[in-house]
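Structure, as structure tokens:
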Amino acid sequence: MLLTRWLTLRSMCSRPLRTLLSMFGIILGVAGLLAIRITNLTALDTLSALFEGTAGKTDLIVTYTGTDGDGLPERILRRIIDDEAVQTAVPSLQIHTALAVGVPESAIPLSLLGFDMGGFSVFGIDSQTDLSVRDYTITQGEFLSQDENGREIVLVENYASENELEVGKIIELLTEDGPKEFTVVGLIAKKGVGQNNNGAFGVIPLKTAQELFHRNGEIDQVDIVLKPDYGSADQLAMVKAQLQSQLGDEYPVTSTVSGGSRVNQMLSGFSIGLNFMGGMALFVGGYLIYNTFSMTVVERTREFGLLRTLGLTRQQVTIQVLVEAAILGLIGSCVGAILGIGLSQGATYLLTYLLDLDSIPLIITPEVILSSLLVGMAVTLVAALIPAWQAGRISPLEALRVRGVRKEGWLLRQGWILGLLFLSISFIILVANPFPYDVQFRLGSLTVVCLFFGGTLLIPGSVGIWQRVIRPVVHWLYGAAGQLGSRNIQRSKLRTTLTVAALMIGVSMIIITRGMTDSFKGDLETWINAYVGGDLLVTSASPMRSQVMRRLEAIPGVEAVTPMRTLDVKWQTPDEKTEDLVFMGIDTQTYDKVTSFVFSDSQVDGEAAYEKLSEGNTLFISSVLAEKYGLNVGDTLSLRTRSGERDFSIAAVVVNFYNQGLAVQGNWQDMRRYFKTSEAGAYLVKLADGYLTTEVQQRIQETYADRQHLSIASNQSLIDQVLTLLNQAYSMFDVMAVIALLVGALGVVNTLTMNVVERAREIGMLRSIGLTREQTLVMVLAESLLMGLIGGVLGLGFGILLTRIFLWSMTAMSGYKINFIMPVGAVIAGISIALLVSQLAAIFPARRASRTQILDVIRYE
7 MLLTRWLTLR
17 SMCSRPLRTL
27 LSMFGIILGV
37 AGLLAIRITN
47 LTALDTLSAL
57 FEGTAGKTDL
67 IVTYTGTDGD
77 GLPERILRRI
87 IDDEAVQTAV
97 PSLQIHTALA
107 VGVPESAIPL
117 SLLGFDMGGF
127 SVFGIDSQTD
137 LSVRDYTITQ
147 GEFLSQDENG
157 REIVLVENYA
167 SENELEVGKI
177 IELLTEDGPK
187 EFTVVGLIAK
197 KGVGQNNNGA
207 FGVIPLKTAQ
217 ELFHRNGEID
227 QVDIVLKPDY
237 GSADQLAMVK
247 AQLQSQLGDE
257 YPVTSTVSGG
267 SRVNQMLSGF
277 SIGLNFMGGM
287 ALFVGGYLIY
297 NTFSMTVVER
307 TREFGLLRTL
317 GLTRQQVTIQ
327 VLVEAAILGL
337 IGSCVGAILG
347 IGLSQGATYL
357 LTYLLDLDSI
367 PLIITPEVIL
377 SSLLVGMAVT
387 LVAALIPAWQ
397 AGRISPLEAL
407 RVRGVRKEGW
417 LLRQGWILGL
427 LFLSISFIIL
437 VANPFPYDVQ
447 FRLGSLTVVC
457 LFFGGTLLIP
467 GSVGIWQRVI
477 RPVVHWLYGA
487 AGQLGSRNIQ
497 RSKLRTTLTV
507 AALMIGVSMI
517 IITRGMTDSF
527 KGDLETWINA
537 YVGGDLLVTS
547 ASPMRSQVMR
557 RLEAIPGVEA
567 VTPMRTLDVK
577 WQTPDEKTED
587 LVFMGIDTQT
597 YDKVTSFVFS
607 DSQVDGEAAY
617 EKLSEGNTLF
627 ISSVLAEKYG
637 LNVGDTLSLR
647 TRSGERDFSI
657 AAVVVNFYNQ
667 GLAVQGNWQD
677 MRRYFKTSEA
687 GAYLVKLADG
697 YLTTEVQQRI
707 QETYADRQHL
717 SIASNQSLID
727 QVLTLLNQAY
737 SMFDVMAVIA
747 LLVGALGVVN
757 TLTMNVVERA
767 REIGMLRSIG
777 LTREQTLVMV
787 LAESLLMGLI
797 GGVLGLGFGI
807 LLTRIFLWSM
817 TAMSGYKINF
827 IMPVGAVIAG
837 ISIALLVSQL
847 AAIFPARRAS
857 RTQILDVIRY
867 E
């Protein structure tokens, strides 16, 4: 046994390139898997820390279902405290404002959560009770004093440093009555409650906040800490139901664990996408490992035959190959783990955009690293199992021949039947979605892998057809020698299949990524042009009064201005559940002068629908709501307003991705009548002909931005930000496509090198009867060209099919209806890259074949 182990180590050292190729496949799979798992853990931990930190020790939260400007009456606090299960009830008033220092940047920050209007969040708190719920880590100065009417503020240290603020300095906060002065008495660390609004956050005394922001007698939230006797989940649910019954539906009681559902849902989709990528990394890594070990077996056929002659059994030869795989698996898994930690940094960087955070610390646990190492070892052994079994079946007589003759297995001859079955089942599952919502994405990822596997099984049976169809093209490019080389792909169908499959996966991932991105871009550009409208978007950290609109209209170059306001409301779904929704108020008298709606049905009478919206008590709903809840024009939708429950008639269905499509649009008069507010959250500005956007933007900036604390952004800059975020979201998939193509290139090198080794005597005989070195080179390049062309065309077909299926599935599961746009650039790039990769990868084995010495290869016998 020691001798066989020594032979294993000697074999690995004598073929360093083959050893490195095997290790690369292992490294690729383990690195991809570990990076994805670390990213998922980091995302979930960050989300939990974000909400647990801001919620502190809170068990339950009471809020009010009204819109902006509403609040809980302070008397509700006494009713909550009187409950026998409540230990502490802490009130807070939450204000969104801005510091009256400097001019805000003329840009609207964006994240994948949507528009972020910036500004500064202020919590008015009771300093005596709030510390019992939330942890404030004081880094400089002190916390708020006991003076209920003090003009004191505590800031987050990072934010203070960025804005050159320090303890003792006087700052001004914007209020409806103008800037108000506060003294910075302390700084807190950016953790826990300090993570609110990404650190742009401060706390002031509750009474001061109520007075300065005209919220006397009102609070926005009550955080409840229950007594220790009510710590179990069942008791928490019981107290929650009891409080809800006492307070009524007007004051919803929620648990802190349910916070952040929107972000959680978004991260769930991101996590599922990453899991799919991890599976594909293992898939293509396994391909490379199998291909490399198959080549090792071919090159060492004579060696294994001699060992069999000396007395080694089939089992011992098989074990020897598996031991080699285990050693490579262990080394490759360790290197892959190190690389995976590095890759996870890049994936986690995307989360900073998703969650709009400055940075996110990696969460790495020993269990994750160990399990990834074990998976890497397992994949290596499984991928090497068939080559090891083939090595064990080599007989001494077969090994001593120049080239053994192997029969094709059933999978190569009849595998197309199984492939069609896999394709049919996968297609039905992905399109029909006959499963509950929570398993659709997970099953979908597995099904996509099965779809690729089914396509792979179709390749052996179709190689002959491809060769006959493309033969004229190969002959035209490479002549008679090329035609001879193109026929060689049928001589080792298994290796050809694996190489073509790797190229197919790489090209299809390019098509899928670009197809999804281009399709999203098409709808997003259409929507954002309508949503933002006009040429400029003007916003502020606090609601703007009508005089801002009049001042904007007076700016030279401004043709029209229209206001917009978004309010968080509750609505009753068709199944009688109460859910969150965004009401978008628009002024129908000015809206159509600046922008227009994108109707879901192109045949709808837009003017008639707009007239109905102007009449009032009607809404435009998003296509997401319409498809998700089966709502149609003419149906009734019930919203909870400050005037109570109100039924609105649906006048039209429009394209609207705001708040992930959970939004409705109503007219300004309805917003004023039912929601008791008429202040704008943003103004859309259309410029007159002949005026440059930058010129008018600069004019508004210089005239009113500092005084009114406005942020101004051009329509085009917002579109660019949206598309940049979209490209960033898909960048990881682009990386996977590149990796898959790299694996395909290595597969081409392996396959052609094995073919050259197996046909060494044959190539020597051809050289002896007059085949030149150049013709030998062309022969191998033609074989590679055919594999690249097959992989590219199959990848193109699968990529377009899967892109359409993904879009169909997205519509069925989430209500998003995205129109498919053919990614022409990706189609051309995919085919071109497949051909280029196949030719470049063939250079080394082609040169090796062309340098074959005639006497060296014919003197074996």
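Count along the sequence shown from 1, add 6, and you get the number used in my numbering.
All C-beta atoms, glycine included, are put in the ideal place defined by N, C-alpha and C.
The structure displayed is predicted, hence computed values, not measured ones.
(message) Does R43 pass the burial test, meaning 16 or more other C-beta atoms within 10 Å, or should it be called exposed?
(response) Working through the sequence shown from its first residue, we reach residue 43 at position 37. By the neighbour-count rule (16 or more Cβ atoms within 10 Å), R43 is buried.
(request) Taking only the alpha-carbon atoms, compute the straight-line gap between L391 and V755 and give it to the nearest angstrom. (result) Within the sequence shown, the letter at position 385 stands for residue 391. Within the sequence shown, the letter at position 749 stands for residue 755. Cα-Cα distance, rounded: 22 Å.
(request) Rank Q578, R477, E768 by C-alpha distance to the C-alpha of L645 and give the top, closest one. (result) Stepping through the sequence shown from its first residue, residue 645 is reached at position 639. When each option's Cα is compared against that of L645, the closest is Q578.
(request) Measure the C-alpha to C-alpha separation of L334 and T145 and round it to an integer number of angstroms. (result) As a position in the sequence shown, residue 334 is number 328, starting the count at 1. As a position in the sequence shown, residue 145 is number 139, starting the count at 1. Rounded to the nearest angstrom, the two C-alpha atoms are 50 Å apart.
(request) Quick one: using the 10 Å Cβ neighbour count with 16 as the cut-off for buried, is L427 buried or exposed? (result) Along the sequence shown, read from residue 1 onward, the residue named residue 427 stands at position 421. Under this definition L427 is an exposed residue.
(request) Answer with buried or exposed for D136, where buried requires no fewer than 16 other C-beta atoms within 10 angstroms of its C-beta. (result) Mapped onto the sequence shown, residue 136 falls at position 130. Taking every protein chain shown into account, the CB of D136 has 16 or more other CB atoms within 10 angstroms, so this residue is buried.
(request) Kindly indicate the opening and closing residues of the beta strand (DSSP E) around I159. (result) Sequence index remark: in the sequence shown, residue 159 carries index 153 (1-based). Run containing I159: 158-162, per the beta strand (DSSP E) assignment.
(message) Classify R501: buried if its beta carbon has 16 or more other beta carbons within 10 angstroms, exposed otherwise.
(response) In the sequence shown, the residue the question calls residue 501 occupies position 495. Buried, since its Cβ has 16 or more Cβ neighbours within 10 Å.
(request) Mind checking which residues open and close the beta strand (DSSP E) that includes I627? (result) Locating residue 627 in the sequence shown gives position 621, where the first residue counts as 1. I627 -> beta strand (DSSP E) spans 624-628.
(request) Using only alpha-carbon positions, find the residue among I86, L218, L379 that is nearest to Q250. (result) Taking the first residue of the sequence shown as position 1, residue 250 is located at position 244. The shortest C-alpha separation from Q250 is found at I86.
(request) Please say whether V92 and I210 have beta carbons closer to each other than 8 Å? (result) The sequence position of residue 210 within the sequence shown is 204, counting from 1. The sequence position of residue 92 within the sequence shown is 86, counting from 1. No, they are not a contact pair.
(message) Buried or exposed for D255, going by 16 or more other Cβ atoms inside 10 Å?
(response) Within the sequence shown, the letter at position 249 stands for residue 255. It counts as exposed.
(request) Measure from the alpha carbon of P562 to the alpha carbon of each residue in L619, N638, V691, then state which is nearest. (result) Indexing the sequence shown from 1 puts residue 562 at position 556. With distances taken between Cα atoms, P562 lies closest to V691.
(message) Taking DSSP's pairing of strands, which residues face W577 in a bridge?
(response) Residue 577 sits at position 571 when you count from the first residue of the sequence shown. Answer by DSSP bridge pairing, in chain order: E585, L645.
(message) Can you tell me whether I375 is helix, strand or coil according to DSSP?
(response) Looking up residue 375 in the sequence shown gives position 369. Three-state DSSP puts I375 in a helix.
(request) For S267, collect the residues of the same chain with a Cβ closer than 7 Å to its Cβ; drop the 5 residues on either side in sequence, then sort them by chain order. (result) To locate residue 267, count along the sequence shown from 1; it is residue 261. For S267, the pLDDT reaches just 48, beneath the cut-off of 50, and the residue's location in the model is therefore unreliable, leaving the point undetermined.
(request) Write down every uninterrupted run of the beta strand (DSSP E) in the region 637-686 whose length is 3 residues or greater and which is fully enclosed by it, in chain order. (result) As far as the region 637-686 is concerned, its whole beta strand (DSSP E) runs of at least 3 residues are 642-647, 650-660, 669-673.
(message) Which same chain residues end up closer than 8 Å to A588 when comparing Cβ atoms and leaving out the 5 residues on each side of it in sequence?
(response) For the purposes of this step, residue 588 is identified with residue 582 of the sequence shown, where counting begins at 1. The amino acid at residue 588 is misidentified as Ala; the sequence shows Val. So the list reads T572, L573, D574, V575, Y664, N665, L668, A669, V670, once near-sequence residues are dropped.
(message) Distance check for T778 and R314, CA to CA, integer angstroms please.
(response) By 1-based counting over the sequence shown, the position of residue 314 is 308. By 1-based counting over the sequence shown, the position of residue 778 is 772. The alpha-carbon atoms of R314 and T778 are separated by roughly 38 Å.
(request) Between the Cα of N494 and those of L792, A832, G311, N662, spot the shortest distance and give me the residue it belongs to. (result) Here residue 494 refers to the residue found at position 488 when the sequence shown is read from its first residue. When only C-alpha atoms are compared, the closest one is L792.
(request) Between the Cα of Q553 and those of A694, T568, L543, G540, spot the shortest distance and give me the residue it belongs to. (result) By 1-based counting over the sequence shown, the position of residue 553 is 547. Nearest C-alpha to Q553 among A694, T568, L543, G540: T568.
(request) Verify whether the separation of the beta carbon atoms of D226 and T386 is less than 8 Å. (result) The residue you call residue 226 lines up with position 220 of the sequence shown. The residue you call residue 386 lines up with position 380 of the sequence shown. No. Outside cutoff.
(request) Name, in chain order, the residues that DSSP records as bridge partners for D229. (result) The sequence position of residue 229 within the sequence shown is 223, counting from 1. Listed as beta-bridge partners of D229 by DSSP are I67, V96.
(message) Does E5 pass the burial test, meaning 16 or more other C-beta atoms within 10 Å, or should it be called exposed?
(response) This structure cannot settle anything about residue 5, because the visible part of the chain is limited to 7 through 867.
(message) Taking the straight line between their C-alpha atoms, what separation do you get for Q351 and G205?
(response) Counting from 1 along the sequence shown, the entry for residue 351 is found at position 345. Counting from 1 along the sequence shown, the entry for residue 205 is found at position 199. Taken atom to atom, the span from the alpha-carbon of Q351 to that of G205 is near 22 Å.
(request) Take L483 as the anchor and find which of Q703, I834, V784, T302 has the nearest alpha-carbon. (result) Numbered from its first residue, the sequence shown carries residue 483 at position 477. Of the listed residues, the one whose Cα sits closest to L483 is V784.
(request) Would you give the residue range spanned by the alpha helix (DSSP H) that L312 belongs to? (result) By 1-based counting over the sequence shown, the position of residue 312 is 306. Counting along the chain, the alpha helix (DSSP H) containing L312 begins and ends at 307-315.
(request) Could you check the C-alpha separation between Q396 and T307 for me, to the nearest Å? (result) In the sequence shown, residue 396 corresponds to position 390, counting from 1. In the sequence shown, residue 307 corresponds to position 301, counting from 1. Roughly 10 Å separates the two Cα atoms.
(request) May I have the straight-line CA-CA distance separating N222 from G192, to the nearest angstrom? (result) Reading the sequence shown from its first residue, position 216 is the one you call residue 222. Reading the sequence shown from its first residue, position 186 is the one you call residue 192. About 26 Å.
(request) Select from I718, L464, F219, F310 the residue whose C-alpha is nearest the C-alpha of D541. (result) Taking the first residue of the sequence shown as position 1, residue 541 is located at position 535. Per the Cα distances, I718.
(message) Once DSSP output is grouped into helix, strand and coil, what is the label at H102?
(response) Residue 102 sits at position 96 when you count from the first residue of the sequence shown. Reduced to three states, the DSSP call for H102 is strand.
(request) Compare the Cα-Cα distances from Q489 to each of D240, S514, S774, I476 and report the closest residue. (result) Position 483 of the sequence shown, counted from the start, is the residue given in the question as residue 489. For Q489, the nearest C-alpha among the options comes from I476.
(request) Would you give the residue range spanned by the beta strand (DSSP E) that V719 belongs to? (result) For the purposes of this step, residue 719 is taken as the residue at position 713 of the sequence shown. For the sequence presented, residue 719 should be read as Ala rather than Val. Counting along the chain, the beta strand (DSSP E) containing A719 begins and ends at 716-720.
(request) Note the first and the last residue of the continuous beta strand (DSSP E) segment covering K186. (result) Translated into positions along the sequence shown, residue 186 becomes position 180. It spans 184-194 - the beta strand (DSSP E) in which K186 sits, taken as one unbroken run.
(message) For I860 and E309, I'd like the C-alpha separation in whole angstroms.
(response) Within the sequence shown, the letter at position 854 stands for residue 860. Within the sequence shown, the letter at position 303 stands for residue 309. Cα-Cα distance, rounded: 23 Å.
(request) My understanding is that V36 touches G512, with C-beta atoms under 8 Å, so please give their C-beta distance in whole angstroms. (result) Looking up residue 36 in the sequence shown gives position 30. Looking up residue 512 in the sequence shown gives position 506. V36 to G512, Cβ: 20 Å. No contact.
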